[in-house]
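Last residue of the sequence shown? That's 501 in this note's numbering, and every number before it is there in order.
Note that the Cβ used here is the ideal one computed from N, Cα and C, for glycine as well.
As the structure is a prediction and not an experimental result, all values here were calculated from the model.
The structure appears below as structure tokens.
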Amino acid sequence: MRKSRSRSPVGRSEPQPVYFEAPAETIEIQEIDPLPVLEQATRDHAYPGTSIVVRIDYRNTSALLNRVGMAGSLQQLCAALGQTNADLGQRLAETFTPSQLAWLVRALTIYGANAGKLTELGVDLPTVVRRLIKVVRRGVLTPPGTPGDGFVNEVVLCGGWMQASLCAVPMAVRPQILTALNRLYFPGGLPGRPQVIGPLDPELLRAGLRKALTRVLDQQLRPWDPPPGERLERVDFTEIRRIADFLERFVCEVLAPFPLAYADGPLYGVPYSGCLTSSEEVTVDHDGLLGWMENRGTRVGRDPAYEAPMTAANYHPGRTADQEALRQIYADLLSDADFARKVGRLINHTPQHAAADGMTYLLPCYPNPAVQSRAEWRWRMTRTMIHEFMHRITHPNVVDAAQHVHQPQILKEGFVEVFTALVLQRLSDRAAADQEVRDLILGPGTPWTPAPDAYLKVGYGQDGADAQQITKVLGRGNVAIGYFLGDVRRLAIMDPQ
Ligand SMILES: [Zn+2]
Numbered sequence: 005m006r007k008s009r010s011r012s013p014v015g016r017s018e019p020q021p022v023y024f025e026a027p028a029e030t031i032e033i034q035e036i037d038p039l040p041v042l043e044q045a046t047r048d049h050a051y052p053g054t055s056i057v058v059r060i061d062y063r064n065t066s067a068l069l070n071r072v073g074m075a076g077s078l079q080q081l082c083a084a085l086g087q088t089n090a091d092l093g094q095r096l097a098e099t100f101t102p103s104q105l106a107w108l109v110r111a112l113t114i115y116g117a118n119a120g121k122l123t124e125l126g127v128d129l130p131t132v133v134r135r136l137i138k139v140v141r142r143g144v145l146t147p148p149g150t151p152g153d154g155f156v157n158e159v160v161l162c163g164g165w166m167q168a169s170l171c172a173v174p175m176a177v178r179p180q181i182l183t184a185l186n187r188l189y190f191p192g193g194l195p196g197r198p199q200v201i202g203p204l205d206p207e208l209l210r211a212g213l214r215k216a217l218t219r220v221l222d223q224q225l226r227p228w229d230p231p232p233g234e235r236l237e238r239v240d241f242t243e244i245r246r247i248a249d250f251l252e253r254f255v256c257e258v259l260a261p262f263p264l265a266y267a268d269g270p271l272y273g274v275p276y277s278g279c280l281t282s283s284e285e286v287t288v289d290h291d292g293l294l295g296w297m298e299n300r301g302t303r304v305g306r307d308p309a310y311e312a313p314m315t316a317a318n319y320h321p322g323r324t325a326d327q328e329a330l331r332q333i334y335a336d337l338l339s340d341a342d343f344a345r346k347v348g349r350l351i352n353h354t355p356q357h358a359a360a361d362g363m364t365y366l367l368p369c370y371p372n373p374a375v376q377s378r379a380e381w382r383w384r385m386t387r388t389m390i391h392e393f394m395h396r397i398t399h400p401n402v403v404d405a406a407q408h409v410h411q412p413q414i415l416k417e418g419f420v421e422v423f424t425a426l427v428l429q430r431l432s433d434r435a436a437a438d439q440e441v442r443d444l445i446l447g448p449g450t451p452w453t454p455a456p457d458a459y460l461k462v463g464y465g466q467d468g469a470d471a472q473q474i475t476k477v478l479g480r481g482n483v484a485i486g487y488f489l490g491d492v493r494r495l496a497i498m499d500p501q
């Protein structure tokens with residue numbers, strides 16, 4: 005069924021639709037939409053900052069539209085890209101609005117006219133068709149003719165051309181440098197090579213982790229005790245969703261073109277603001293408790309500020325016996341009901357991104373104002389939203405690669421922090437000069453307060469520092485291709501040797 009579209013009866017500048025008569029007994033008026041008028045000038049568009057040159061030539065498609073109409077043209081354009089469903093053109097023509105069809109017919113033409121370059125880059129053309137249709141279905145489209153070639157650039161990004169082009173850029177890094185950086189993922193030594201960490205002292209590890217994690221719990225729970233006789237102020241999730249919509253655009257802008265180049269990624273799906281809920285909704289079960297212990301244990305394990313209990317006890321993250329000892333320590337700590345209760349409570353006060361359902365869980369309250377000011381908390385909340393958004397747009401290859409290294413948190417949290425710190429710095433600069441952004445982040449009418457310095461630094465202890473080191477040596481461009489587009493060699497991940 006064609007979807008209904010209401011049209012204003014007056015003030016219409018587009019051509020009148022054509023009507024035809026059906027047999028008298030089944031009278032219905034069917035609207036035939038006017039065909040889009042495509043640009044006749046042929047040109048080459050160079051995508052700024054890349055080697056991509058797009059040939060734009062709609063002349064054949066114009067002739068095709070006049071000859072076989074929209075459904076027939078779509079059918080042929082899709083078939084030329086290897087998508088041979090017999091009734092695809094008809095279904096598309098019946099499903100989409102004229103403006104959606106005007107976008108799609110041009111996008112298909114662009115990919116068709118540049119198919120040779122794409123095939124050279126290894127792009128699967130039927131997949132391109134699927135991606136373009138998905139983007140049209142999502143409904144957020146840059147109209148053709150938008151100044152600054154926004155439409156053509158969007159087509160290059162969402163169809164997968166940019167991704168293939170970026171991944172084809174040579175890495176230009178000497179193999180010895182990659183090998184040296186790769187060792188960061190194996191702090192105890194590469195598998196099968198001499199190990200550099202001595203035997204584990206399990207009791208030292210146990211005592212050190214208990215002390216460090218107890219401190220983390222007490223520190224992080226403190227803001228969530230309200231002042232005597234009062235309640236904590238609730239966060240307004242309508243406002244949070246507005247901030248999320250802005251941040252989604254802002255992250256893409258600051259890190260362009262990398263996040264949007266991931267053509268099969270979540271940026272072409274449900275918006276971030278549609279995937280937010282309160283951390284109170286997290287069900288605390290055994291896996292959740294253990295997951296918190298593993299994340300936080302690794303976080304403090306090599307951090308001198310927490311007496312680096314893993315380093316001190318010769319914990320080797322790749323040694324099976326050490327892993328087993330660590331699991332036992334976590335289980336024993338959680339068997340203490342008071343400790344487990346605190347962890348459970350903190351999980352409901354800890355933001356997180358759940359890969360399973362794609363949801364981001366955010367804190368539902370402002371902290372006790374005696375512990376942290378509201379303005380500071382607004383920056384903290386914003387930083388958290390950026391951090392969790394980075395998890396959301398991380399390429400799945402990175403998450404897979406994390407399973408094959410000894411220090412997975414460099415991949416899972418370290419690079420998230422590298423990009424989060426960068427985006428927050430740009431946001432702080434923008435908000436200092438832009439009243440609207442300032443009101444959005446800090447709340448309307450709040451006096452200007454810059455983002456606290458600590459938030460502009462790369463967090464997550466040694467794992468963040470290692471990711472930062474890799475970024476410094478390989479360059480942000482390489483790391484972004486690795487992180488957002490899944491070419492993990494550019495994160496110094498190497499095949500097992
Ligand atoms: Zn995280």
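### Message
Nearest by alpha-carbon distance to L194: which of M166, A216, H408 is it?
### Response
Here residue 194 refers to the residue found at position 190 of the sequence shown. Checked all of M166, A216, H408; the closest Cα to L194 is H408.
### Message
I need the DSSP call for M389, collapsed to helix, strand or coil.
### Response
For the purposes of this step, residue 389 is taken as the residue at position 385 of the sequence shown. Helix.
### Message
Between E234 and ligand 1, is there a pair consisting of the residue's CB and a ligand heavy atom that are separated by less than 6 Å?
### Response
Here the question's residue 234 lines up with position 230 in the sequence shown. Checking the Cβ of E234 against ligand 1 gives no.
### Task
Assuming Q224 and L350 form a contact by the criterion Cβ under 8 Å, report the distance between their Cβ atoms to the nearest whole angstrom.
On the sequence shown, position 220 is the one that residue 224 refers to. On the sequence shown, position 346 is the one that residue 350 refers to. Yes, they are in contact, since the Cβ atoms of Q224 and L350 sit about 6 Å apart, within 8 Å.
### Query
So, helix, strand or coil for R235, using DSSP?
For the purposes of this step, residue 235 is taken as residue 231 along the sequence shown, with counting starting at 1. If DSSP states are grouped into helix, strand and coil, R235 belongs with coil.
### Message
Tell me which residues pass a beta-carbon proximity test against ligand 1: closer than 6 Å to any heavy atom, given in chain order.
### Response
H391, H395, E417, V420
### Query
Looking at the unbroken beta strand (DSSP E) that takes in M363, where does it start and where does it end?
To locate residue 363, count along the sequence shown from 1; it is residue 359. Run containing M363: 363–366, per the beta strand (DSSP E) assignment.
### Task
Below 6 Å CB to CB, which residues in the same chain sit around L145 once its five sequence neighbours on both sides are set aside?
Working through the sequence shown from its first residue, we reach residue 145 at position 141. Correct list, in chain order: W107.
### Query
In this structure, what does DSSP give as the bridge partners for Q356?
Within the sequence shown, the letter at position 352 stands for residue 356. Answer is Y365.
### Message
Let's test the definition: count the other Cβ atoms within 10 Å of the Cβ of K416 and tell me whether it reaches 16, buried, or not, exposed.
### Response
The residue you call residue 416 lines up with position 412 of the sequence shown. Looking at its Cβ environment, which holds 16 or more other Cβ atoms inside 10 Å, K416 is buried.
### Task
Report all residues from its chain with a CB closer than 6 Å to the CB of A75; omit the five preceding and five following residues, and keep chain order.
The residue given as residue 75 occupies position 71 in the sequence shown. Correct list, in chain order: G93, Q94, A97.
### Task
Counting only runs of 3+ residues fully inside the segment 56–99, write out the beta strand (DSSP E) ranges in chain order.
57–60
#### Entry: Extent of the continuous beta strand (DSSP E) to which I36 belongs
Working through the sequence shown from its first residue, we reach residue 36 at position 32. Element bounds for I36: 34–36.
### With 16 other Cβ atoms within 10 Å as the buried cut-off, status of I181
The residue labelled residue 181 in the question sits at position 177 within the sequence shown. By the 10 Å Cβ count, I181 comes out exposed.
### Query
Exposed or buried, D491, counting other C-beta atoms within 10 Å across all chains shown (16 or more means buried)?
The residue you call residue 491 lines up with position 487 of the sequence shown. By the 10 Å Cβ count, D491 comes out buried.
#### Entry: Host alpha helix (DSSP H) of S282 (start-end)
Here residue 282 refers to the residue found at position 278 when the sequence shown is read from its first residue. Segment 280–282 is the beta strand (DSSP E) holding S282; no alpha helix (DSSP H) there.
#### Entry: Sequence-distant residues of the same chain with beta carbon closer than 6 Å to G486, five excluded per side
Residue numbering aside, residue 486 sits at position 482 when the sequence shown is read from its first letter. Only V492, R494, L495 meet the Cβ criterion.
### Message
For a minimum of 4 consecutive residues, which ranges assigned as the alpha helix (DSSP H) are wholly contained in the segment 392–476?
### Response
400–406, 419–437, 439–446
### Query
Cβ of Y459 within 7 Å of Cβ of L428?
Within the sequence shown, residue 459 is the residue found at index 455, counting from 1. Within the sequence shown, residue 428 is the residue found at index 424, counting from 1. Yes. Within cutoff.
### Query
Under the three-state reduction of DSSP, which class applies to R47: helix, strand or coil?
Here residue 47 is taken as the residue at index 43 of the sequence shown, counted from 1. Strand at R47.
### Message
What does the Cβ neighbour count give for D307, buried or exposed, with the cut at 16 atoms within 10 Å?
### Response
As a working mapping, residue 307 is identified with position 303 in the sequence shown. Classification for D307: buried.
### Task
Taking S339 as part of the alpha helix (DSSP H), name the residues at either end of that continuous run.
For the purposes of this step, residue 339 is taken as the residue at position 335 of the sequence shown. From DSSP, S339 is part of no alpha helix (DSSP H); its letter is neither H nor E.
### Query
Taking the C-alpha atoms as reference points, what is the distance between A26 and R141?
Looking up residue 26 in the sequence shown gives position 22. Looking up residue 141 in the sequence shown gives position 137. With a pLDDT of only 42 at A26, under 50, the local geometry of the prediction cannot be trusted, and no value is derived from it.
### Query
CB-CB under 7 Å to G126, same chain, minus the five flanking residues each way: which ones, in chain order?
Against the sequence shown, residue 126 aligns to sequence position 122. Cβ neighbours of G126 beyond the five flanking positions: A168.
### Query
Helix, strand or coil: how does DSSP classify H320 here?
Your numbering for residue 320 matches position 316 in the sequence shown. Reduced to three states, the DSSP call for H320 is coil.
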